[in-house]
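Chemist: Under UniProt numbering, the residues of the sequence shown are numbered 1 to 1104, in order.
Let me give you the structure first, and then I'll get to my questions.
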Amino acid sequence: MPGIIRRGRKRAALNISEDEEQSDAPSSASSASKRARHARDASATGEHVQDVHQPGSLVRVKVTNFVTYTSAEFILGPSLNMIIGPNGTGKSTLVCAICIGLGWPTKLLGRSKEVGEFVKHGCAESEIEIELAGDRRHKQNPVVRRHIRKEGNKSVFYIDDRHKSQRDVQELAASFSIQIDNLCQFLPQDRVVDFAKMTPIDKLTETQRAIAAPQMLEWHEQLKDLRSQEKTLQASQINEEAHLKSLQAKQNSTAEDVRRWQEREQLAMTARALERCRPLIEMHSLRAQVAANKQEILGAREELKRLSSEMAPVRQAQEDTEAYRDQINQAVQNRKQRLAAGKQSSVKIFGEIEVEREKVATFKAEIDGEGKGRNQRKQDVKRLEASVATLVRNREQEPVPYNRDDFEERKKELRAKVNETERAMLESQDKMRRIRSQVTQHKTNIQKLKNDRLQLDSESGKRANRLKMMSSDTATGWDWIQRNRTSLKLKDEVYGPPLLTCSVKEPGLVKAVESQLRTGDITAITCRNPDDAKIIQDKLFQDLKLHDITIRMCPQSLGFYRPPITQEELKAYGFDSWIVDCIQGPEPVLAMLCDQNRLHRSAYAARPISSEQFEALQGGPIQKWVSGTEVCQINRRKEYGLSSTSVTQLREARFFTDQPVDGEEKRKLDDAIKDIERDLMELKEQHDTARRENLEQKDVQDQAENEKKEVQMEEDSIKKALAEWNALPTKIKEKEEELANAQAAVLQTGARVRAIRAKLSDSTLKIATLTLEYAKSVTQLRVLQESLVEAEIRLVEATSEVEALTAENHHVLEAAERQRTRLEELKVSKKQLTEKYNNLVKKTQHELDRLSPEEKEILHENKDKTVEELDNEIDATNARLELMAEGNPNALKSYQDRQQLIDKAEEKLEQVAANLSTIQEEIVNIRGQWEPQLDELIAMISDKFAYNFALIGCAGSVGLYKDEDFEKWSVQIQVRFRENETLSVLDSQRQSGGERAVSTAFYLMALQDLARSPFRVVDEINQGMDQRNERKVYERIVDIACRERTSQYFLITPKLLPDLKYHPKMKVHCIASGEHMPDRHTKLDFQALAELALRVKGQGRAAA
1 MPGIIRRGRK
11 RAALNISEDE
21 EQSDAPSSAS
31 SASKRARHAR
41 DASATGEHVQ
51 DVHQPGSLVR
61 VKVTNFVTYT
71 SAEFILGPSL
81 NMIIGPNGTG
91 KSTLVCAICI
101 GLGWPTKLLG
111 RSKEVGEFVK
121 HGCAESEIEI
131 ELAGDRRHKQ
141 NPVVRRHIRK
151 EGNKSVFYID
161 DRHKSQRDVQ
171 ELAASFSIQI
181 DNLCQFLPQD
191 RVVDFAKMTP
201 IDKLTETQRA
211 IAAPQMLEWH
221 EQLKDLRSQE
231 KTLQASQINE
241 EAHLKSLQAK
251 QNSTAEDVRR
261 WQEREQLAMT
271 ARALERCRPL
281 IEMHSLRAQV
291 AANKQEILGA
301 REELKRLSSE
311 MAPVRQAQED
321 TEAYRDQINQ
331 AVQNRKQRLA
341 AGKQSSVKIF
351 GEIEVEREKV
361 ATFKAEIDGE
371 GKGRNQRKQD
381 VKRLEASVAT
391 LVRNREQEPV
401 PYNRDDFEER
411 KKELRAKVNE
421 TERAMLESQD
431 KMRRIRSQVT
441 QHKTNIQKLK
451 NDRLQLDSES
461 GKRANRLKMM
471 SSDTATGWDW
481 IQRNRTSLKL
491 KDEVYGPPLL
501 TCSVKEPGLV
511 KAVESQLRTG
521 DITAITCRNP
531 DDAKIIQDKL
541 FQDLKLHDIT
551 IRMCPQSLGF
561 YRPPITQEEL
571 KAYGFDSWIV
581 DCIQGPEPVL
591 AMLCDQNRLH
601 RSAYAARPIS
611 SEQFEALQGG
621 PIQKWVSGTE
631 VCQINRRKEY
641 GLSSTSVTQL
651 REARFFTDQP
661 VDGEEKRKLD
671 DAIKDIERDL
681 MELKEQHDTA
691 RRENLEQKDV
701 QDQAENEKKE
711 VQMEEDSIKK
721 ALAEWNALPT
731 KIKEKEEELA
741 NAQAAVLQTG
751 ARVRAIRAKL
761 SDSTLKIATL
771 TLEYAKSVTQ
781 LRVLQESLVE
791 AEIRLVEATS
801 EVEALTAENH
811 HVLEAAERQR
821 TRLEELKVSK
831 KQLTEKYNNL
841 VKKTQHELDR
851 LSPEEKEILH
861 ENKDKTVEEL
871 DNEIDATNAR
881 LELMAEGNPN
891 ALKSYQDRQQ
901 LIDKAEEKLE
911 QVAANLSTIQ
921 EEIVNIRGQW
931 EPQLDELIAM
941 ISDKFAYNFA
951 LIGCAGSVGL
961 YKDEDFEKWS
971 VQIQVRFREN
981 ETLSVLDSQR
991 QSGGERAVST
1001 AFYLMALQDL
1011 ARSPFRVVDE
1021 INQGMDQRNE
1031 RKVYERIVDI
1041 ACRERTSQYF
1051 LITPKLLPDL
1061 KYHPKMKVHC
1071 IASGEHMPDR
1081 HTKLDFQALA
1091 ELALRVKGQG
1101 RAAA
């Protein structure tokens, strides 16, 4: 490509794994071609002096494992940097690195929202390093580095290898006036259309941020805020004035009612004051009652004293009689206690007699028992004598002798014989088990082969065989999953490949369905749980070492994948159904196919659609469809407003077809079945032979076991007889001792009987003594009973005498009791009156303290009146009060509250007027500074904008729309691309995409000389332009961006026109990547390619 020759410069090293840099070699282009090129350059009039980087401009950008780059370093020029390369090579990745590396959010790029998604696929971490040109504040260029971890979307910032926060990085960028978030300064590829859609108001804000002094934007914001406050205060002033007038009108209308209410309140106050006089007058009355009560108590006490002296003799006689009665009553109680004690003693003696009687009965029973026991012991003596004689005779007879070695030898021979037969039996049984296992395995294999042969004739078998041919690993893996599903402990269902689990509803739909699917879709295993997918992946890939397997997740249910239009709208476009409706199968599998291939958005028509329907689809929601024998797909690029339609023919169906059965496969299965059946016959014969041998050994073993038992029984019998004979001396001694004890017991029976008879005699004597004591206690009880009866008779006589005296003195006692009761009542009355008086005094004093001066005066005038006179005065006042209308009880309060509101409203209105005046003065002052400078800036932009348009034969202007509301001030961009048109406002609907791109480029270029930002980025601004406009725009960018002391400029484009003008201050970065690149980057020499292009071009001109 012409013009990209640089001497002594380093170019961007892309996809380099080692730390290498390549310098461009000198050009071998002819001097004639150089002169022709420089004749068109902006610097052709003199020697160029290379600029230095302006403070804040980008010196170097290095990325590692970022998006598509493994490692790349861009050495950037101080003026115009042109980034060129085909689409998809990573040009815009540089823009992403600048934005993200300097701490701005990813949303400004219009791409992925998460920073971790910018890490290269297959890598865990990424790093961006940006070197900025320093100013006098920095000893060296500051280097910003951002380390990104994909897991968790984490990142760490460094400035000059010191850990810093994202805020620190943004503050560093702000100190250089870097504005990544300003579309006038930083316009990435995915946001080019956003600039055209930007409102004129937003354009004014972003323009001020880009070129105006910082205080200009602050002034604008202050004016907007002050104007908002001014409108709020003006509205508040109008509302307050209306509110004040309303309050004053209401106040004037209620003044007379308030006066009448005040007169009535005065009467009501008088009536209340008179009512409050009542406690004072009642207090005087209570004081008189308390004095009279005291006199009555003194009289009652004198009368009670007189009655008490008259009844003294009568009371003394009655008290003496009552004392005698009490003495007799005490004697009765004492005699009752003595009688009860005598009864208790008699009962105790009787109980002792009963105890001794029971002992006598027991002794008699023991004597009878001893008599019976003596006879039994005599019989035991005879039995023991016979036993001793028998044992002595047995001891005299010696047993058969015992030879232990002989028996051990016989048993050893028999055990050896048994063990030998057992080994033989185990060998024959093990042989039979192996044969049975082989037979079972052979039967299983036969059944499996028969099933496989039957499946060859079935649709499922054909599909399974087809899956094995398409991907043997998938067939093996799915068969293993089905056999081990239980042991895997899966959390959810796992579905087999669509080739096995799905089917096409009609044969005529097979081609259309298969046109939307790939081989990986047909053979994919579907999981619903990510943990299940991980388990199956580990088992198949690591344990079974399978590789050709596709495992996919079902992220959503089938209901989530809804068509973009209804069925009626689909019919209107000429389609029969959606592709997904042509397939039957499990919903998760269909959902997976929709997620991978958008089957729910792909339409189907059995016949070709009409031209009108095809045209309607160009702007419709359907982008892919099958109609007749054609597959159509619309490809749209929203950022450029372009679209294209690709049409291909349907291929023959390969997957869901009914293909003939493979005869060779059938023959192989039949031969395998016959081979296994022959093996089964041989195994059966071997099993029968082993079974017969096992039965024969069993008979031999049983015979040896029986002989062994007989020898053991014989040995045990001899050993038992010998042991019994050896134990006879001990048994004889034991029996002789037992016989001696029995004979001694017979002799001791008489002594025991005599002892029992002695105890019986003692108990009989004790019974006689207790009987005499019991008779004596009964006699004493009789005497005590007679004494008690005598005392009770005397008590009756004394009680009768007391009652007679009480009846005779009743009237005297009753009179004294009445006088005593009256005295108590008088005391109670005095207490109550005194408490009532004291309480009334406290209450009256409390009420007096609460009285107003007017009420105290009324009380002073009426204090000497009686209660009756007070009631008359109150009735007269109430009568006058009733003659007046009651009115509204809230009138006075409303009047007073309204007056307070009027005062507050007047005060607030004065404050609003003062604030409004202050804000209006501030608006005038700030606007006087801001508006002239803004007019000057817009005029400068308009001149440069009009000049750029004039170069391409068009017209353009930039104006400032002014409004009373500063929030509505905006930049008005007007353009004209044809001579017969008038200037029209630039918007996203009126102009074409190319016209909007040209206008955007010229507007951004108009800001270049005025920009405060150290660098500007424009990504693919030339897309949609025609060649003439693209060439003019390019030349203006070169002229403006390559001036002396201008800010750094980045132009990113996938293509350039031939024979363009280049400037020595430009630096061109060529990006190349893809499958046709050499394995080693050192083989790619752009210098040699450029020289080759120049030679080819020169040869072509020479031939012409």
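Using N, Cα and C, we set each Cβ at its ideal position, and we do this for glycine too.
In the DSSP output, which residue or residues are listed as bridge partners for residue 131?
Modeler: Answer is 60 and 143.
Chemist: In terms of alpha-carbon separation, which member of 211, 338 and 199 lies closest to residue 785?
Modeler: If we check each option's Cα against that of residue 785, 338 comes out closest.
Chemist: Less than 8 Å between the CB atoms is what I'm expecting for residue 648 and residue 626, so what's the real figure, rounded?
Modeler: With 8 Å as the limit, residue 648 and residue 626 do not qualify as a contact, their Cβ atoms being about 10 Å apart.
Chemist: Output the distance between the C-alpha atoms of residue 726 and residue 388, rounded to the nearest integer angstrom.
Modeler: The alpha-carbon atoms of residue 726 and residue 388 are separated by roughly 16 Å.
Chemist: Quick check on the DSSP output: the beta strand (DSSP E) that includes residue 580 runs from which residue to which?
Modeler: Where residue 580 is concerned, there is no enclosing beta strand (DSSP E), given that its DSSP letter is neither H nor E.
Chemist: Residue 95 lies in the alpha helix (DSSP H); which residues open and close that run?
Modeler: Segment 91-101, the alpha helix (DSSP H) holding residue 95.
Chemist: Taking the alpha-carbon positions, what's the residue 151 to residue 164 distance?
Modeler: Those two C-alpha atoms are separated by around 21 Å.
Chemist: Would you mind giving the Cβ-Cβ distance between residue 959 and residue 942, rounded to the nearest angstrom? I have them listed as a contact below 8 Å.
Modeler: 7 Å between Cβ atoms; contact.
Chemist: When DSSP labels each residue in this structure, what does residue 1013 get in the three-state scheme?
Modeler: Correct three-state label for residue 1013: coil.
Chemist: Would the beta-carbon of residue 1067 fall within 7 Å of that of residue 81?
Modeler: Yes, these two residues count as a Cβ contact at 7 Å.
Chemist: Can you tell me the Cα-Cα spacing of residue 482 and residue 131, whole angstroms?
Modeler: Rounded to whole angstroms, residue 482 to residue 131 spans 59 Å at the Cα level.
Chemist: For the alpha helix (DSSP H) that residue 1005 lies in, which residues bound it at each end?
Modeler: Its alpha helix (DSSP H) spans residues 993-1006.
Chemist: If I follow the unbroken beta strand (DSSP E) through residue 155, where does it start and stop?
Modeler: Where residue 155 is concerned, the enclosing beta strand (DSSP E) stretches over 154-159.
Chemist: Pick helix, strand or coil for residue 491, following the three-state DSSP scheme.
Modeler: If DSSP states are grouped into helix, strand and coil, residue 491 belongs with coil.
Chemist: Report the three-state DSSP secondary structure of residue 945 (helix, strand or coil).
Modeler: Helix.
Chemist: Under a Cβ-count criterion, where at least 16 other Cβ atoms within 10 Å of its own Cβ denotes burial, should residue 584 be classed as buried or exposed?
Modeler: The residue in question, residue 584, is exposed, as its Cβ has fewer than 16 Cβ neighbours within 10 Å.
Chemist: Taking the alpha-carbon positions, what's the residue 760 to residue 770 distance?
Modeler: C-alpha separation (whole angstroms): 16 Å.
Chemist: Take residue 317 and list the residues in its own chain whose beta-carbon comes closer than 7 Å to its own, dropping the five residues that flank it on each side.
Modeler: So the list reads 805, once near-sequence residues are dropped.
Chemist: Just mark residue 893 as buried or exposed, buried being the case when its beta carbon has 16 or more other beta carbons within 10 Å.
Modeler: By the neighbour-count rule (16 or more Cβ atoms within 10 Å), residue 893 is not buried but exposed.
Chemist: Figure out for me which residue from 574, 587 and 92 has the closest Cα to the Cα of residue 612.
Modeler: Per the Cα distances, 574.
Chemist: Within a Cβ cutoff of 8 Å, which residues of the same chain sit near residue 428, ignoring the five residues on either side of it in sequence?
Modeler: These residues qualify, in order along the chain: 690, 691, 693, 694 and 697.
Chemist: Evaluate the contact criterion for the stretch 56-68 versus the stretch 120-135: three or more CB pairs, one atom per stretch, below 8 Å.
Modeler: Touching, per the Cβ criterion.
Chemist: Only counting the same chain, and skipping five residues up and downstream in sequence, which positions put a Cβ closer than 6 Å to that of residue 391?
Modeler: Around residue 391: 728, 731 and 732.
Chemist: Buried or exposed: residue 787, going by 16 or more other Cβ atoms within 10 Å of its Cβ?
Modeler: Classification of residue 787: exposed, given that the 10 Å Cβ count is below 16.
Chemist: Judging by CA-CA distance, which residue of 181, 577, 117 and 87 is the nearest neighbour of residue 103?
Modeler: Ranking the options by Cα distance to residue 103, first place goes to 181.
Chemist: Opposite residue 484 in the DSSP bridges: which residues?
Modeler: For residue 484, which the question treats as bridged, DSSP gives no partner whatsoever.
Chemist: Per DSSP, which residues does residue 693 bridge with? Please list them.
Modeler: According to DSSP, which records beta bridges pairwise, residue 693 is partnered with nothing at all.
Chemist: Return the chain-ordered list of same chain residues with a C-beta closer than 7 Å to the C-beta of residue 1041, the five sequence neighbours on each side being excluded.
Modeler: Closer than 7 Å at the Cβ level, and outside the excluded window around residue 1041, lie 79, 80, 1008 and 1049.
Chemist: Got a sec? Which residues, its chain only, sit under 8 Å from residue 781 by beta carbon, not counting five neighbours each side?
Modeler: Excluding positions up to five away in sequence, the list reads 339, 342, 343 and 346.
Chemist: Assign residue 436 to buried or exposed, taking buried as 16 or more other Cβ atoms, counted over all protein chains shown, within 10 Å of its Cβ.
Modeler: By the 10 Å Cβ count, residue 436 comes out exposed.
Chemist: I want to know whether the stretch 395-403 touches the stretch 707-722 - three or more CB-CB distances under 8 Å.
Modeler: Flag = yes, the stretch 395-403 and the stretch 707-722 touch.
Chemist: Since residue 650 contacts residue 511 with CB under 8 Å, what's their CB separation in whole angstroms?
Modeler: Their Cβ separation, rounded to whole angstroms, is 5 Å, which keeps residue 650 and residue 511 in contact under 8 Å.
Chemist: Secondary structure at residue 419, three-state DSSP: helix, strand or coil?
Modeler: Three-state result, residue 419: helix.
Chemist: Grab me the residues of residue 410's own chain with a C-beta within less than 6 Å of its C-beta, minus the 5 sequence neighbours each way, in chain order.
Modeler: Contacts found: 711.
Chemist: What does residue 81 pair with, by DSSP beta-bridge criteria?
Modeler: According to DSSP, which records beta bridges pairwise, residue 81 is partnered with 1050 and 1067.
Chemist: Does DSSP classify residue 198 as helix, strand or coil?
Modeler: Residue state, collapsed to three classes: coil.
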